[in-house]
Amino acid sequence: MIRIEVPGEPVPQGRPRFSGRGGFVRSYDPPKSREYKKKVAAAVKEQYHDEPINYAVHVQLSIYRPIQKSLSKKEREMRLLGFHRPVVKGDIDNYFKAVTDACTGLLWVDDAQIVSTKTNKYYSEDPHVEMLVMPADLDLEEK
Numbered sequence: 003m004i005r006i007e008v009p010g011e012p013v014p015q016g017r018p019r020f021s022g023r024g025g026f027v028r029s030y031d032p033p034k035s036r037e038y039k040k041k042v043a044a045a046v047k048e049q050y051h052d053e054p055i056n057y058a059v060h061v062q063l064s065i066y067r068p069i070q071k072s073l074s075k076k077e078r079e080m081r082l083l084g085f086h087r088p089v090v091k092g093d094i095d096n097y098f099k100a101v102t103d104a105c106t107g108l109l110w111v112d113d114a115q116i117v118s119t120k121t122n123k124y125y126s127e128d129p130h131v132e133m134l135v136m137p138a139d140l141d142l143e144e145k
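For the sequence shown, the positions run 3 to 145 when the working numbering is used.
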């Protein structure tokens, strides 16, 4: 099993931007998404030193978002204990896409190798992302 932690506030994948020059249209990541993917890639390079894996994988992602400052003590406690979970933007699939796209070529050869997933959003005083990667046949929840 491979465990990667990406420190800092998670950033969901933004909608692609388009520009045209000389009759050609190109798409590119929004700046916030591009910078976050660089941060994820740096964390992977720091924590994973083998060749990219080349088999089917299960990816488990835990997204820890910051808690807003202007909350009651009770609400803050409920969020820290996991009783109240983030239902605000960004969408969970966009967080997943930002993290997994950044891992392509570093952790796995192609993100098409991801055949099963589990993703959760939580609140934390220490915003970050935790990723567990394991061979798909070791996904114990499936069996």
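In this text, a Cβ means the ideal position worked out from N, Cα and C, and glycines have one as well.
Other residues of its chain near residue i: CB distance less than 8 Å, five sequence neighbours each side excluded
| i | result |
| --- | --- |
| Glu127 | Pro68, Ile69 and Leu82 |
| Asp112 | Thr106 |
| Asn56 | Trp110, Val111 and Gln115 |
Rounded straight-line distance, which links the Cα of residue j to that of residue i
| i | j | result |
| --- | --- | --- |
| Asp103 | Pro18 | 13 Å |
| Ala58 | Glu79 | 39 Å |
| Gln2 | Lys75 | Past the boundaries of the shown model lies residue 2; the chain is included only from 3 to 145, so the question cannot be answered. |
| Lys99 | Pro14 | 8 Å |
| Asn96 | Gly24 | 32 Å |
| Lys39 | Leu73 | 30 Å |
| Gly84 | Gly92 | 18 Å |
| Ile6 | Glu37 | 18 Å |
| Glu77 | Val101 | 29 Å |
| Ala44 | Met3 | 19 Å |
| Thr121 | Gly22 | 36 Å |
Three-way DSSP call (helix, strand, coil) for residue i in this model
| i | result |
| --- | --- |
| Leu73 | coil |
| Tyr91 | Note that residue 91 corresponds to Lys in the displayed sequence, not to Tyr. Lys91: coil per DSSP, three-state reduction. |
| Gln49 | helix |
| Gln115 | helix |
| Arg36 | helix |
| Phe98 | helix |
| Glu11 | coil |
| Met80 | helix |
| Leu108 | coil |
Cβ-based neighbour list, residue i, same chain, cut-off 7 Å, excluding 5 preceding and 5 following
| i | result |
| --- | --- |
| Lys41 | Val8 and Gly10 |
| Lys34 | Val13 and Gly16 |
| Lys123 | Ile65, Arg67, Arg87, Pro88 and Ile94 |
| Pro54 | Gly107, Leu108, Leu109, Trp110 and Val111 |
| Met136 | Met3, Val59 and His60 |
Is the segment 128-136 in contact with the segment 50-66, if contact means three or more CB pairs nearer than 8 Å? yes
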